[in-house]
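I have placed the structure first, in the form of C-alpha cells, so that the comments after it can refer back to it.
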C-alpha cells in the first residue's frame, strides 16, 4: 500500500501494547508484543517519551494520561446523537426494549437518537419526533432539572391535556411528581402518553453537572410490570446514562446536541 506510513503504524502498535492488565512493560516485552526489534522498539518508546505519551523509570515503560488526548480528539468531534448511538445499541440489546435520547425544546421533548426493537406506539417515533414533556419520562427528567423560575414559567403556560385516563393534568400534581423525580434521579411514566406504554428515563449530564438530555427505555404494560421495570430496566438504564456522560465529558464546551 503506497500511502501506508509504516512508522506511524508501528508507533501506534507500541501504544496499543499497553493495557489494563499490563500497564507497565519492559523494552523486551514491547518488542515482543509488537513484533519490532529491540532497537526499533527503543526508538519508538524514546520518541513517545519525548512527546509526553510514555514515561519510564529506566527499566519499565508506561503510558501517561496524555494519551487520552488521542481519544478526546475523536470524541470532541462528535455530536450528542453520535456519542449516544452505540450506548443505545448496547442498552437495547441488553434489555430487549427500545431506547432513546431526547432533549427539551420549549414544552416538548425532541428525539435526537433512538434504537427501536419493536413498535409499541400507534405513531412511529423517528429522530425529530416531538411529544409533550409533561407526560413523558424523558420530559419529566428534563423538567425536574429546570431552575425553579423556569419550571414555574413552564407550569404557568403549559397545556396539560388528558391523553389517557392515567395522564397527570393538574399543575400541583405534576409539580409533586417532578419533586419526586428530582429526588430519586429518574422518572417512570405509566401509560400517560398512550395506553399500554410504560417508560423509564434518567438524566444525561454534562461535565458541569447540568442535565442536557435524557435517556429512556420504553416497554409495553402487558410485557413489563412496574416492579419488573424498576428491577430489570432501571439498573442498565442508569449505567447507560453514566457511560454517555463519560463520553460527553470529552466533548468541546461549544458542542451542540
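Numbering (the numbering used here), first residue to last: 60 to 316.
No residue lacks a Cβ here, since even glycine has one placed at the ideal position from N, Cα and C.
Keeping to the same chain, check which residues put their C-beta closer than 6 Å to that of residue i; ignore five residues upstream and five downstream.
i           : result
residue 230 : 214
residue 120 : 84, 104, 113
residue 315 : Residue confidence for residue 315 is low, a pLDDT of 44 falling below 50, so the modelled location carries little weight; the figure read from the coordinates is stated next. The answer is none, since no qualifying residue turns up.
residue 159 : 170, 173, 275
residue 82  : 121
residue 157 : 175, 176, 277
residue 267 : none
residue 72  : 93
residue 189 : 167, 169
Short of 8 Å in beta carbon distance, which residues of its chain neighbour residue i, apart from the five on each side in sequence? Order them along the chain.
i           : result
residue 313 : Because residue 313 carries a pLDDT of 42, less than 50, the predicted location of this residue cannot be relied on, and the following value inherits that uncertainty. Cβ within range, chain order: n/a, list empty.
residue 237 : 199, 202, 203, 210
residue 227 : 193, 194, 219, 233, 236, 251
residue 76  : 84, 88, 89, 92, 93
residue 123 : 111, 112, 113, 114
Of the residues the options, which one's Cα is nearest the Cα of residue i?
i           : options            : result
residue 155 : 307, 301, 303, 291 : 291
residue 298 : 245, 309, 101      : 245
residue 87  : 101, 80, 74        : 101
residue 296 : 114, 153, 115, 170 : 153
residue 240 : 127, 273, 175, 128 : 273
residue 185 : 208, 172, 275, 196 : 172
residue 126 : 140, 116, 139, 111 : 111
residue 174 : 116, 276, 165      : 276
residue 301 : 76, 150, 138, 93   : 150
residue 163 : 176, 265, 270, 82  : 270
residue 242 : 78, 140, 129, 262  : 262
residue 286 : 309, 249, 148      : 249
residue 308 : 282, 255, 138      : 138
residue 284 : 303, 294, 255      : 255
residue 253 : 148, 266, 225      : 225
residue 108 : 70, 78, 207, 268   : 70
residue 205 : 222, 221, 264, 190 : 264
residue 166 : 191, 80, 67, 72    : 191
residue 95  : 280, 161, 65       : 65
Closer than 7 Å by C-beta to residue i: which residues in its own chain qualify, once you throw out the five before and the five after it? Chain order, please.
i           : result
residue 97  : 86, 87, 90
residue 288 : 247, 257, 259, 278
residue 144 : 172
residue 187 : 169, 170
residue 293 : 245, 259
residue 282 : none
Tell me where the alpha helix (DSSP H) around residue i begins and ends.
i           : result
residue 103 : 97-110
residue 294 : 293-307
residue 222 : Per DSSP, residue 222 belongs to no alpha helix (DSSP H) and is neither H nor E.
residue 87  : 86-93
residue 153 : 139-154
residue 324 : Only positions 60 to 316 of the chain appear in this structure, which leaves residue 324 out of reach.
Pull up the DSSP beta-bridge partners for residue i, would you.
i           : result
residue 213 : Partner(s): none; residue 213 has no beta bridge.
residue 159 : 173, 275
residue 264 : 270
residue 164 : 167
residue 81  : Note: residue 81 sits in no beta bridge, so no partner.
Starting from residue i, follow the beta strand (DSSP E) in both directions and report where the run begins and ends.
i           : result
residue 115 : 113-115
residue 168 : 167-174
residue 119 : 119-122
Please go through the segment 178-205 and give each complete beta strand (DSSP E) segment of 3 or more residues, from N-terminal end onward. 189-191
**Study point:** Runs of beta strand (DSSP E) wholly within the segment 232-257 (minimum 3 residues, chain order)
**Key:** 246-249
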